[in-house]
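See below for the structure under consideration.
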Amino acid sequence: MRRTFARRTAVIGSAALLLLGPAVAIAQAEPETEPAQTSSLPAELVEALQRDLNIDAERFLADAQRSQDLAAFAEKAREQFEAVFAGVWLDDQGTATVGLTEGDGFEEARKAAEDAGFTVAETERSEDALEDQLGALGDWLETQPPAVADVIRGIAIDVVNNDVVVRTDNVSGVELPDFLDGVRVLFAPAELTPEGATDLQPIAGGLDAPDALFGGDAYAALGAGEGLRCSLGFNGEDGSGQPVNITAGHCDPNRAQAGTRWASQVHQLIGDNLGQHLGSFEKTVLDGSDYALIRPTSDAAGRFENNGVRVPFAAPLPITGIADPVVGAPVCKSGLRTGYSCGVVTATGQNVEIGHRVLENGFSTNLCALQGDSGGTLVTGTLALGISSASNVGQYGMCEIAGFVSGLLGESPELFATPIKTVLAENPGLKVRTW
């Protein structure tokens, strides 16, 4: 199958993969004006931050806020300093950085960035120039036979290295044209497959479960004779003020029937047993984006009326707003299989083929996610960031094994996600709960 990536701008980082796509105006509760307090972070998340990133809660919240300051600056800089703007990112020390190249408006752009408190990094090419190079690669791919073109699974801009990155299944078998000499070649991701759940049995006598359900909690999706284990995403409200949960589209085993009486049914998952019937899939999307909306039953609706994200059965993290993914920003995910794990955003605005579909305008992280983590939440600070969609290590049984094996291949674990702002933009009136 021939794919045209040229018109789908993607952005990658370096040791992370990098950049920020254009912001979208979305009707959504704004983040709190007062900074979130470190006391609002659950102990399990603080432990994951120390274990995975070697940072404390204060640094996590500060870097998350700084990334959003960069996102706001980038949106304006693309218009005001188009000729010299080359992207934004947080470096390993959390330094907020703006890339600029020589050209008309350079000094004005430098002053604006420094007045905003950012560090300026001089680059060889502007973002526009990198997009032209990306387009040239796409045009070249269109001239290649399927044996060559179909090997390429994604192309992206590497903002930190000020270059272009190619994703492929076989990094040793790609020969690029001379004008792309030195471009990095990385492995493509695979679908983050939900765990099978056809062997689940209802708990004897049913379950009286009035307790709240949060992002990261386990559920089973049953439909079309198939069952899948996944993780709940962010709790939200639709335009009518009714509760929904925002999870992954690939967690729905009967996607074609979403929103009908034949839609896949959702049950709470308690160990290896089915708990309360929670609802059904009202909308499922797996073309471009990867998300689904779960509509709770009247009996279960109250359990979703909260703004929490957690490791299953632990204290929740309160979500206070929504965020743009920014390369280098700290990010943590929660899921039923691996709980909390933390890393950084490694790419934004990314378009990459995953299985038989293309995840458009997604972002990637250097997080490990395994089967069952699908649909779970990604946060930066106390802000909702995205929904877990695909992983390059999902087939392994443990993150320790995944890290070791990927290290032997010169890679690191990657988790790809659909930005929460994309979901909200495609569903007018939909909100992530922040109360």
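Add 724 to a position in the sequence shown, counting from 1, and you land on the number used in the working numbering.
No residue lacks a Cβ here, since even glycine has one placed at the ideal position from N, Cα and C.
Spatial distance of residue i from residue j (CA atoms)
i     : j     : result
H991  : Q1000 : 6 Å
W864  : P870  : 12 Å
T762  : N778  : 16 Å
D1097 : A1149 : 24 Å
V890  : A795  : 25 Å
V1050 : Q981  : 35 Å
L1048 : N1085 : Contrary to the premise, residue 1048 reads as Asp rather than Leu in this sequence. C-alpha separation (whole angstroms): 12 Å.
P766  : V1069 : 21 Å
L861  : C954  : 37 Å
L1060 : L1041 : 15 Å
E846  : F830  : 10 Å
Q989  : T1062 : 24 Å
T1101 : R1027 : 17 Å
S791  : L814  : 7 Å
W962  : L1154 : Position check: residue 962 holds Asp in this sequence, whereas Trp was assumed. So the alpha carbons of these two residues sit roughly 4 Å apart.
D1011 : R1081 : 7 Å
A810  : G818  : 18 Å
G1052 : R985  : 44 Å
V888  : I994  : 45 Å
A751  : L824  : Confidence at A751 is low in this model, with a pLDDT of 37, below 50, so the placement of that residue should be treated as unreliable; the coordinate-derived value is given next. So the two alpha carbons sit approximately 32 Å from each other.
T1142 : L1109 : 9 Å
G1107 : L785  : The amino acid at residue 1107 is misidentified as Gly; the sequence shows Leu. Spanning the two alpha carbons is a distance of roughly 10 Å.
G827  : S1004 : 55 Å
V808  : K835  : 13 Å
F1037 : T1158 : 20 Å
F938  : V968  : 12 Å
A944  : N997  : 9 Å
E1138 : C1092 : 6 Å
E803  : L956  : 38 Å
Collapsed DSSP secondary structure at residue i in the structure displayed
i     : result
P1163 : Because the chain in this structure spans residues 725 to 1159, residue 1163 falls outside the shown range and cannot be described.
D863  : helix
Q804  : helix
D793  : helix
C679  : Residue 679 falls outside the range modelled here, since the chain spans only 725 to 1159, and no answer is possible.
D962  : coil
V889  : strand
D882  : strand
L937  : coil
P870  : helix
I750  : In this prediction, I750 scores a pLDDT of 31, lower than 50, which makes its location untrustworthy; the coordinate-derived value is nonetheless stated afterwards. I750 falls in the coil class under three-state DSSP.
Q981  : helix
R877  : strand
D856  : helix
E756  : With a pLDDT of only 40 at E756, under the threshold of 50, the placement of this residue in the model should not be trusted, and no figure is reported.
E846  : strand
A788  : helix
T762  : helix
A820  : strand
A781  : helix
V735  : Any reading at V735 must be qualified, since the residue scores a pLDDT of 41, below 50, and its modelled position is unreliable; the value itself is stated next. Note: V735 maps to strand in three-state DSSP.
Whether residue i touches residue j by CB criterion (9 Å)
i     : j     : result
D787  : G1105 : yes
L1083 : N1090 : no
V1156 : N1030 : no
Q966  : R1019 : yes
V844  : A837  : yes
D793  : A840  : yes
A1071 : A772  : no
T971  : I1111 : yes
A1016 : G1099 : yes
V1103 : V1147 : no
S1088 : F1140 : yes
L952  : P977  : yes
D1014 : H974  : yes
K1007 : N1151 : yes
T821  : F842  : yes
V812  : V883  : yes
A1039 : E768  : yes
C1066 : L1094 : no
G1032 : A936  : yes
Extent of the continuous beta strand (DSSP E) run through residue i
i     : result
Q1074 : S1065 to I1078
C1056 : P1054 to S1058
A1024 : Here A1024 belongs to no beta strand (DSSP E), and DSSP marks it neither H nor E.
L946  : A942 to G947
R1161 : Residue 1161 is absent from the structure shown; the chain starts at 725 and stops at 1159.
S1113 : L1107 to S1115
S1004 : N997 to V1009
A972  : No beta strand (DSSP E) contains A972, which DSSP labels as neither H nor E.
A810  : F809 to L814
Terminal residues of the alpha helix (DSSP H) in which residue i lies
i     : result
R834  : F830 to D839
E768  : A767 to L777
A987  : Segment: none, A987 is in no alpha helix (DSSP H) and carries neither H nor E.
T1146 : I1144 to A1149
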